[in-house]
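Before any comments, here is the structure.
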Amino acid sequence: MRLGGIGHEKPADQNVQHLVDQLSHEIQIKTGKRYPFLKAVSFKTQIVAGTNYFIKVQAGQDYLHLRVFQPLPCYSSTPQLASFELSKSSDDPIEYF
Numbered sequence: 000m001r002l003g004g005i006g007h008e009k010p011a012d013q014n015v016q017h018l019v020d021q022l023s024h025e026i027q028i029k030t031g032k033r034y035p036f037l038k039a040v041s042f043k044t045q046i047v048a049g050t051n052y053f054i055k056v057q058a059g060q061d062y063l064h065l066r067v068f069q070p071l072p073c074y075s076s077t078p079q080l081a082s083f084e085l086s087k088s089s090d091d092p093i094e095y096f
């Protein structure tokens with residue numbers, strides 16, 4: 000993967016699930032929905048001045064895509080919910096948004 004490019008889709012791991020868990024309250028506030036659970040399914044990354052995580056999330060019977068920005072450690076260790084897309088399906092590919 001080149002700097003700024005988006006990598007290949009990979010199955011979500013514990014680190015990606017941890018990002019989703021850290022932001023679950025904010026996700027529910029910003030989407031205006033309460034989800035019974037938020038499970039990271041798969042993800043892609045983009046290296047910028049930190050890392051953008053594009054994450055496919057199963058949210059109850061729904062799916063959504065999240066863009067989470069993880070700054071470089073020298074700036075902050077707190078991930079930020081940068082954007083999200085609702086009304087996704089399990090088959091929708093993760094793309095830049």
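When you line the sequence shown up against numbering that gives the first Met the number 0, it's residues 0 to 96, in that order. Beta carbons are placed, not taken as given, at the ideal position from N, Cα and C, and that holds for glycine.
With the rule of 3 Cβ pairs closer than 8 Å, the segment 25-34 does not count as touching the segment 9-16.
Counting along the chain, no alpha helix (DSSP H) covers Lys38; the unbroken beta strand (DSSP E) around it starts and ends at 38-47. Counted as a single uninterrupted DSSP element, the beta strand (DSSP E) harbouring Glu84 occupies residues 79-87.
Looking from the CA of Leu85, the closest CA among Pro78, Phe96, Ser76, His24 belongs to Phe96. Where Asp20 is concerned, there is no enclosing beta strand (DSSP E), although the alpha helix (DSSP H) around it starts and stops at 13-30.
CA-to-CA, the gap between Thr44 and Arg66 works out to about 9 Å.
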